[in-house]
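Here the structure is laid out as structure tokens; the discussion comes afterwards.
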Amino acid sequence: MKTNEFSYKGLCLNGFLALFLVVVLFAAVIYCFIQADTRPAFALFGGVGMLLFALCINGFIKLEPNEAKVLVFFGKYSGTFTRTGFYWVNPLLSKKGVSLRARNLNPEPIKVNDKAGNPVMIGMVLVWKLQDTYKALFEIDSQSLAAPAAKATSGSISRMLAQAFENFVRVQSDAALRQVAGCYAYDNADSADELTLRSNAEEINEQLVRTLNERLSMAGIHVMEARINYLAYAPEIAAVMLRRQQADAIIAAREKIVDGAVSMVKMALDKLKDEGVVDLDEERKAAMVSNLLVVLCGDEPAQPVVNSGSLY
């Protein structure tokens with residue numbers, strides 16, 4: 167994917183070496199002001215040195231692993247600084263700190279309509295990280311969303327930027343979840359090959375990740391993982407759907423019971439015939455089949471009746 171991000175290649179010194187030079191400059195400024203009483207020209211050198219000292223102090227950068235500084239020179243993007251440690255760069259550059267670490271987002275479940283039009287409550291959890299600092303800061307209006315105060319520190323500005331990114335991800339994840347959930351039925355699809363939200367979690371999660379990355383690529387954000395962590399019918403239809411599921415379960419159980427009963431009746435008739443226990447005509451076979459099916463398929467235990475009379 168095309169990106170305008172590049173690493174900073176301008177002036178950069180080891181931070182400790184630069185700190186030593188700045189301390190030497192400060193000592194020279196103090197010396198110039200002390201000598202200014204006897205040598206007025208030193209006052210001018212001291213003033214210039216103080217301005218340089220105040221300017222150089224602004225050039226220090228300290229970065230921890232998976233952190234970055236986006237450097238801007240009077241409105242022009244100058245690169246992204248990602249080297250871990252303590253450094254000194256051009257003090258005229260403005261520095262915007264961003265985190266490249268992975269973060270979680272676990273929004274509240276939302277109500278959507280599935281493919282069949284049933285309202286369902288669905289929620290997800292996702293893991294995301296900042297991948298392209300140029301897009302994150304300049305392709306979306308994240309800096310205005312952060313809206314830092316005039317006296318905000320660098321750390322507070324970074325936190326506000328992180329909150330702006332999270333808000334952007336939250337809005338886009340809501341839209342992506344609605345889009346994906348609307349393409350699938352909650353359950354009981356007409357076709358056994360059709361994907362459903364409840365039965366095909368892995369496939370739905372993969373589709374969700376693809377949709378999220380398509381939406382968030384404009385902001386330089388990459389979704390590493392997204393999973394549906396909550397799925398239920400909306401309260402207004404939950405009771406009705408529960409009864410439907412119970413009815414489906416009862417029907418499935420009855421079908422299995424009937425299949426087994428028919429198999430047992432057939433086995434009983436075949437065994438009676440093969441072993442010559444009794445010779446039944448068609449009418450008595452039908453009566454026996456009826457009685458056996460009632461016994462095998464009934465919910466209550468059968469009450470046996472002993473017939474001691476003749477079959478004829």
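Just add 166 to wherever you are in the sequence shown, counting from 1, and you've got the working numbering. The beta carbon of each residue, even a glycine, is placed where N, CA and C say it ideally should be.
Return the chain-ordered list of same chain residues with a C-beta closer than 7 Å to the C-beta of residue i, the five sequence neighbours on each side being excluded.
i    : result
L266 : N232, E233, A234, K295 and L296
A415 : none
N279 : P285 and G348
N366 : none
V455 : V431
First and last residue of the alpha helix (DSSP H) that includes residue i?
i    : result
F186 : G181 to Q201
G283 : From DSSP, G283 is part of no alpha helix (DSSP H); its letter is neither H nor E.
N270 : Unbroken run through N270 is the beta strand (DSSP E), R269 to L271; no alpha helix (DSSP H).
A207 : A207 to C222
T377 : A367 to L382
Do you know offhand how far residue i's Cα is from residue j's?
i    : j    : result
M433 : R376 : 55 Å
A341 : P275 : 13 Å
A424 : M384 : Looking at the sequence itself, residue 424 is Val, so the reference to Ala does not match. Near 58 Å, if we compare the C-alpha coordinates of M384 and V424.
A400 : M287 : 5 Å
T204 : L218 : 23 Å
C349 : L185 : 60 Å
R269 : S339 : 14 Å
H388 : L408 : 38 Å
N180 : T250 : 11 Å
A453 : E421 : 22 Å
L427 : Q412 : The sequence given here places Ala at residue 427; Leu does not occur at that position. Computed Cα separation, rounded: 22 Å.
A193 : A392 : 56 Å
Q201 : F208 : 6 Å
G212 : G176 : 29 Å
A220 : C198 : 16 Å
S322 : G386 : 22 Å
E305 : G283 : 36 Å
E448 : A351 : 49 Å
Q309 : N379 : 22 Å
Judging by CA-CA distance, which residue of the options is the nearest neighbour of residue i?
i    : options                   : result
K262 : E421, M390 and Y243       : Y243
M290 : G176, K451, M454 and L397 : L397
G245 : L237, G251 and V189       : L237
D307 : V195, Q329 and T250       : Q329
L183 : C222, A347 and L435       : C222
E402 : R269, K228, K277 and E372 : K277
R381 : R249, Y174, V335 and A193 : V335
E369 : G213, V346 and G176       : V346
K228 : V337, F252 and R325       : F252
L343 : G283, N371, A202 and E230 : N371
L187 : A207, G215, F199 and L210 : G215
M390 : A419, G283, M326 and L271 : L271
I394 : V264, P273, E230 and F199 : P273
V337 : C198, A351, L292 and D436 : L292
L327 : V264, L191, L435 and D298 : V264
Near residue i, which residues of its chain fall below 6 Å by C-beta distance, leaving aside the five closest residues on each side in sequence?
i    : result
D353 : T362 and R364
G225 : W254, V255 and P257
N170 : Y300
F239 : L259
C178 : Y253 and V255
D298 : T169, E171 and G386
Mind checking which residues open and close the beta strand (DSSP E) that includes residue i?
i    : result
A398 : I387 to Y399
K228 : F226 to L229
Y300 : Run containing Y300: none in the beta strand (DSSP E); it sits in the alpha helix (DSSP H), T299 to F304.
T246 : K242 to F247
E233 : E233 to F239
K262 : S260 to S265
V253 : In the sequence as displayed, the identity of residue 253 is Tyr instead of Val. That run of the beta strand (DSSP E) goes G251 to V255.
With a threshold of 16 other CB atoms inside 10 Å of the CB of residue i, please say whether the residue is buried or exposed.
i    : result
L303 : buried
F331 : buried
D505 : In this structure the chain extends from 167 to 478, so residue 505 is not present and cannot be described.
D359 : exposed
V189 : exposed
V195 : buried
L374 : buried
D436 : exposed
A316 : For A316, the pLDDT reaches just 42, beneath the cut-off of 50, and the residue's location in the model is therefore unreliable, although a value from the coordinates is still provided. Result: exposed.
Please return the same chain residues whose Cβ sits closer than 8 Å to the Cβ of residue i, not counting the five positions on each side in sequence.
i    : result
S173 : G245, T246, F247 and T248
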